[in-house]
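In order, the protein sequences belong to chains A and B. Start counting the first sequence at 4; every next residue gets the next number (the numbering used here). Start counting the second sequence at 4; every next residue gets the next number (the numbering used here). A virtual CB, placed ideally from N, CA and C, is assigned to each residue, including glycine. Note that the structure is a prediction, hence the values are computed from the model and not measured. This report concerns only the one structure given below.
Number of protein chains: 2
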Amino acid sequence: MATKIEEAARAREPLTRERILRAAVALADEGGAESISMRRLAQELGVVPMALYKHVGNKDELLDGMVDVVVAEIDAPIEDADWKATMRERILSARRALLRHPWASSVLESRGEPTPTVIAYIDSMMGVFLEGGFSIDLMHHAMHVMGSRILGFSQELFDDAASMPEEEAAEVWTQLADVYPNIAKLIPVAIGTHEGPAVGVGCDTQFEFEFGLDLVLDGLERLRAKG
Amino acid sequence: MATKIEEAARAREPLTRERILRAAVALADEGGAESISMRRLAQELGVVPMALYKHVGNKDELLDGMVDVVVAEIDAPIEDADWKATMRERILSARRALLRHPWASSVLESRGEPTPTVIAYIDSMMGVFLEGGFSIDLMHHAMHVMGSRILGFSQELFDDAASMPEEEAAEVWTQLADVYPNIAKLIPVAIGTHEGPAVGVGCDTQFEFEFGLDLVLDGLERLRAKG
DNA sequence: ACCCTAGGGTGTACGGCGTACACTTGTCAA
DNA sequence: TTGACAAGTGTACGCCGTACACCCTAGGGT
Chain A
4 MATKIEEAAR AREPLTRERI LRAAVALADE GGAESISMRR LAQELGVVPM ALYKHVGNKD
64 ELLDGMVDVV VAEIDAPIED ADWKATMRER ILSARRALLR HPWASSVLES RGEPTPTVIA
124 YIDSMMGVFL EGGFSIDLMH HAMHVMGSRI LGFSQELFDD AASMPEEEAA EVWTQLADVY
184 PNIAKLIPVA IGTHEGPAVG VGCDTQFEFE FGLDLVLDGL ERLRAKG
Chain B
4 MATKIEEAAR AREPLTRERI LRAAVALADE GGAESISMRR LAQELGVVPM ALYKHVGNKD
64 ELLDGMVDVV VAEIDAPIED ADWKATMRER ILSARRALLR HPWASSVLES RGEPTPTVIA
124 YIDSMMGVFL EGGFSIDLMH HAMHVMGSRI LGFSQELFDD AASMPEEEAA EVWTQLADVY
184 PNIAKLIPVA IGTHEGPAVG VGCDTQFEFE FGLDLVLDGL ERLRAKG
């Protein structure tokens, strides 16, 4: 009897590639990229590790599948807008997707060959450039210039040095002012004005992303206009 | 006797943090980033794995040390030049260092907090901006815009799709032309002109890097001039 | 001449990982 | 009823990082 109920409970939702991917994404969402392991994921699904291999091939394929889930969340390009607005909006949409899944950018970076889904996304971004009047050559360069920004992220040198109480951080940095004088100069700015999301050494990541994005897009527009 | 000789041979060059780092860099240079393991490295040094821990603490510290070795290879900034030339030259020097150690960029990306050596490098790059007439705010934005480019690399969406014979690659791509129409448009360019290092879907990575670098630097110069 | 200490190198062991391979079990067609 | 096929299981292998207790040797204080 009891065993029948158990079996029923287990069989209620049979293992599926989709279900595995959903569970993996959920697991990574709450535990970060390094918490994804076949064993941990199997446990989360109430199943033995090897069961997963009937649906995903290997771990790399799993990671690819997870990336695809995130990329699928990116909005379609808007219509009836110039190339720059279209590009900009779609990239910001991609960024929103990546912010919902903070593990995704590091997984994306680590992947060698992109998945067909990612390639299709890239291809459609190329289309935006071409329809916007870019030559094929310039579109090619543009794609390289954009780099990972086209997927909504850009690798930062520091991750935001948060997690330290603001005043303590300030003190540490003023102590280090003579060894890193220029970095130290950033502190008075943030502490002094002391408003908005810029606290401590941290900064408004969203602003910085859009700043860089616009700088690049403007540069490309200039080149396009010159022909 | 024999044992004495063995011991002598082993003791000839006693284990040292420097020696470990040199060996690790050499190992990664020839085997790639994923070939670095404490066990493998110990074996390379003719020593038991745990011996390393008397000198490096743990694997993360080892990786940090390896990064430092590479960063130390970057030339000092040139003198008596405007900020853009200084920046440009130093970044290209960094890129040369990273090309000598292809594993380094991925290790750099994977690291959370940068090492003091890296921080010092970043600080000195900030100094170049400031001495070039950037306000502190604009310098701050500029550092974000540069991102990893300041260390001589930028993450590409594909790694160069090399390793496939050129004509075969062309054929594959023309077959895929209807599913990735815009990517396919890149092929005739590379194949058609057929000169320089641009073969197949590949492209001149160095050119693309400098193209993007200059686009960003020019954009920043414009902002600086406006004040 | 003795011991003592400290530090570098060792050996063993633990818990985690990805996954190959042989197996049971449940389902449905013939 | 049987028999094939797919889904899930169990066991095992070879990697990994590293904690911990050990030994061995060189150097210094007595």
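Residues that residue i contacts on chain A, provided the C-beta gap is smaller than 8 Å
i               : result
P184 of chain B : D126 and G130
I153 of chain B : L160
Residue i Cβ short of 6 Å to the ligand NAP heavy atom set
i              : result
L55 of chain A : Only the bare structure without any ligand can be found here, which leaves the ligand NAP out of the picture.
Residue i burial status per 10 Å Cβ neighbour count (16 or more: buried)
i               : result
G68 of chain A  : buried
T177 of chain A : exposed
P312 of chain A : Because chain A in this structure spans residues 4 to 230, residue 312 of chain A falls outside the shown range and cannot be described.
Q209 of chain A : exposed
H197 of chain B : Because H197 of chain B carries a pLDDT of 44, less than 50, the predicted location of this residue cannot be relied on, and no value is offered for it.
V117 of chain A : As written in the sequence, residue 117 of chain A is Pro, which differs from the Val given in the question. So P117 of chain A counts as buried.
L216 of chain B : buried
S40 of chain B  : exposed
I125 of chain A : buried
G199 of chain B : Residue placement at G199 of chain B cannot be trusted, given a pLDDT of 41 that sits under 50; what the coordinates show is reported in the next sentence. The residue in question, G199 of chain B, is exposed, as its Cβ has fewer than 16 Cβ neighbours within 10 Å.
R103 of chain B : exposed
I81 of chain B  : exposed
G222 of chain A : buried
R93 of chain A  : buried
A75 of chain A  : exposed
N185 of chain A : buried
Amino acids of chain B, ordered along the chain, whose beta-carbon sits closer than 8 Å to that of residue i
i               : result
G222 of chain A : L218, V219, D221 and G222
A1 of chain A   : Any answer about residue 1 of chain A is impossible in this case: the structure gives chain A only from 4 up to 230.
F161 of chain A : E116 and P117
Amino acids of chain A, ordered along the chain, whose beta-carbon sits closer than 9 Å to that of residue i
i               : result
E112 of chain B : S109, E112, S113 and Q158
S38 of chain B  : By Cβ distance, chain A contributes nothing, its closest Cβ being about 16 Å from S38 of chain B, past 9 Å.
Partner residues on chain A for residue i, Cβ-Cβ distance less than 7 Å
i               : result
I190 of chain B : Per Cβ cutoff of 7 Å: no residues; I190 of chain B is ~10 Å from chain A at best.
E211 of chain B : H144 and H147
I23 of chain B  : By Cβ distance, chain A contributes nothing, its closest Cβ being about 25 Å from I23 of chain B, past 7 Å.
Chain B residues whose Cβ lies nearer than 9 Å to that of residue i
i               : result
H58 of chain A  : Chain B residues near H58 of chain A: none, gap ~25 Å exceeds 9 Å.
F214 of chain A : H144, H147 and V148
Closer than 7 Å at the beta carbon, the chain B residues around residue i
i               : result
L133 of chain A : N185
For the region 69-98 of chain B, enumerate the residues whose C-beta is nearer than 9 Å to any C-beta of chain A, in chain order. none
Cβ contact check for the region 42-51 of chain B and the region 88-103 of chain B: 3 or more pairs under 8 Å: no
Using 8 Å as the threshold, is the region 135-150 of chain A in touch with the region 134-145 of chain B, meaning 3 or more CB pairs across them? no
Can you find at least 3 beta carbon pairs, one from the region 81-90 of chain B and one from the region 125-134 of chain B, that sit closer than 8 Å? yes
Whether or not the region 150-165 of chain A and the region 17-30 of chain B are in contact is what I'm after, with contact meaning three or more pairs of Cβ atoms, one per stretch, closer than 8 Å; do they touch? no
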